[in-house]
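Under the working numbering, the first residue of the sequence shown carries the number 373, and numbering increases by one thereafter.
Ideal placement from N, C-alpha and C gives every residue a C-beta, glycine not left out.
Quick notes on the structure that follows.
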Amino acid sequence: MNERFTPLFESVTLPNKAVLKNKFVLAPLTHVSSNDDGTASEDEINYMEQRSQDVGLAISAASNVTDLGKAFPGQPSVAHDTDLEGLKKLAHVMKKNGAKAVVQIHHGGAQALPNLTPGGDVAAPTPISLKSFGQQEEHDAREITEDEIQETIKAFGEATRRVAEAGFDGVEIHGANHYLIHQFVSPYYNRRTDEWGTDRLKFPTAVVDEVLKAKEQYADESFIVGYRFSPEEAESPGISMEITESLVKTLIEKPLDYLHVSLMDVHSKTREGKYAGEERIKLLHQWIDGRMPLIGIGSIFTAEQALEAIQSGNVDLIALGREILLDYQFVGKIENGKEDEIVSYFDPERTDKHELPPKLWEQFNIGFYPLPRKDEQ
Numbered sequence: 373m374n375e376r377f378t379p380l381f382e383s384v385t386l387p388n389k390a391v392l393k394n395k396f397v398l399a400p401l402t403h404v405s406s407n408d409d410g411t412a413s414e415d416e417i418n419y420m421e422q423r424s425q426d427v428g429l430a431i432s433a434a435s436n437v438t439d440l441g442k443a444f445p446g447q448p449s450v451a452h453d454t455d456l457e458g459l460k461k462l463a464h465v466m467k468k469n470g471a472k473a474v475v476q477i478h479h480g481g482a483q484a485l486p487n488l489t490p491g492g493d494v495a496a497p498t499p500i501s502l503k504s505f506g507q508q509e510e511h512d513a514r515e516i517t518e519d520e521i522q523e524t525i526k527a528f529g530e531a532t533r534r535v536a537e538a539g540f541d542g543v544e545i546h547g548a549n550h551y552l553i554h555q556f557v558s559p560y561y562n563r564r565t566d567e568w569g570t571d572r573l574k575f576p577t578a579v580v581d582e583v584l585k586a587k588e589q590y591a592d593e594s595f596i597v598g599y600r601f602s603p604e605e606a607e608s609p610g611i612s613m614e615i616t617e618s619l620v621k622t623l624i625e626k627p628l629d630y631l632h633v634s635l636m637d638v639h640s641k642t643r644e645g646k647y648a649g650e651e652r653i654k655l656l657h658q659w660i661d662g663r664m665p666l667i668g669i670g671s672i673f674t675a676e677q678a679l680e681a682i683q684s685g686n687v688d689l690i691a692l693g694r695e696i697l698l699d700y701q702f703v704g705k706i707e708n709g710k711e712d713e714i715v716s717y718f719d720p721e722r723t724d725k726h727e728l729p730p731k732l733w734e735q736f737n738i739g740f741y742p743l744p745r746k747d748e749q
């Protein structure tokens, strides 16, 4: 290995004393490859085994905690005990090379897809119409009831139990990317006048507390609990960096093991407000104040970009999203001094199809996700 990249391979000890073997994280990536009922497919298991092999922390695709929360075709489920058999296989392959394996637990809220939910039902903090994953036309979401809110909070706890029983090392609470937890934080999605609207941090806090309670009941201290969030949204009035500051300062008071910011560019800057023009990642790192590691992500396609992010001092762990899909050997190539061989663009002519599951390769091929392409260079 080129000595310059040594900082990327230093171990990281989380607040709960769990040790990650390096600073690379497999981001929770939508692979659309689970079976229709949400159980693990062979394509999914093979894909997750490959992508987990060299990272310190591997996070599964967003996994729905209730059937009402299903937001993707081929989405994995942690909503039923019948999911356990496949989850155990998934945990085994994700952990086999030394990664800590974590399941991202998720509810789509307004972004759930009517063609995937019972009776075509979709519920959100307040009624809204919108397009979601791959949709050409808008669908309607009704207001989630008080009873359903309580049931959903409990479902996050039950999902945590299943994850622990399946042998995973932890969970990541999905509070980002316009899904249910994010929606409760957002003044755009959450216009309720009850306690769940007047205090928009009430729902995420309740979910965190329920997950931590489940950890205490069903796992040991080494079980990891992380939280992912989006720091700012384009909708108006939407989540601002000022709102995120309140969220972060609330979360760091909880016994969480990391925070994970969702960004398209790790160096992106704040759009507006009193922090306009400042790097989001720098602000977040300051607010966390060393209480727990911050995972950064966004447009990391080369070894140099990963190193620069870590050396900036604002990122403790670096998550790989689109790049580790393009080249599942990204981390191993750096470790073995072959960083010049990293594949950093999508090539639709590759005979190995980047070792992607067929449905995910097809999404890349049609340009569903923005990424560098060989046929556009």
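Go ahead and pull the three-state DSSP assignment for residue i.
i: Gly598; result: strand
i: Gly739; result: coil
i: His632; result: strand
i: Asp512; result: strand
i: Ala484; result: coil
i: Phe377; result: helix
i: Ala496; result: strand
i: Arg745; result: strand
i: Phe505; result: coil
i: Lys626; result: coil
i: Ala578; result: helix
i: Ala471; result: coil
i: Leu490; result: The sequence as given places Pro at residue 490; Leu does not occur at that position. If DSSP states are grouped into helix, strand and coil, Pro490 belongs with the helices.
Spell out the partners DSSP gives residue i in its beta bridges.
i: Gln476; result: Glu544
i: Ile667; result: His632, Leu689
i: Glu651; result: Lys641
i: Phe718; result: Arg745
To the nearest angstrom, how far is it from the Cα of residue i to the Cα of residue j?
i: Gln425; j: Gly670; result: 21 Å
i: Ile322; j: Asn418; result: Outside the modelled stretch of the chain, which goes from 373 to 749, sits residue 322, for which no answer is possible.
i: Gln522; j: Glu748; result: 49 Å
i: Asp719; j: Pro742; result: 13 Å
i: Glu644; j: Ser558; result: 16 Å
i: Lys442; j: Val465; result: 24 Å
i: Tyr590; j: Asp712; result: 45 Å
i: Leu655; j: His639; result: 11 Å
i: Met420; j: Ala471; result: 11 Å
i: Asn436; j: Glu544; result: 12 Å
i: Phe595; j: Lys389; result: 10 Å
i: Leu488; j: Leu619; result: 31 Å
i: Ile553; j: Gly481; result: 8 Å
i: Asn374; j: Phe381; result: 11 Å
i: Gly491; j: Asp439; result: 10 Å
Looking at the secondary structure, which residues open and close the beta strand (DSSP E) in which residue i lies?
i: Ser501; result: 500 to 502
Can you name the start and end residues of the alpha helix (DSSP H) that residue i belongs to?
i: Ala606; result: Neither: Ala606 is in no alpha helix (DSSP H) and is coded neither H nor E.
i: Arg533; result: 518 to 537
i: Ala675; result: 675 to 683
i: Glu707; result: 702 to 707
i: Thr570; result: 567 to 570
i: Gln555; result: 552 to 557
i: Ile615; result: 613 to 623
i: Ala591; result: From DSSP, Ala591 is part of no alpha helix (DSSP H); its letter is neither H nor E.
i: Arg694; result: 694 to 698
When every heavy atom of the ligand PLP is checked, does at least one fall within less than 8 Å of the C-beta of residue i?
i: Ile500; result: The ligand PLP is not part of this structure, which contains no ligands at all.
Which runs of the alpha helix (DSSP H), 4 residues or longer, sit entirely within the region 385 to 456? Scanning the region 385 to 456 for uninterrupted alpha helix (DSSP H) segments of 4 residues or longer gives 414 to 424, listed from N- to C-terminal end.
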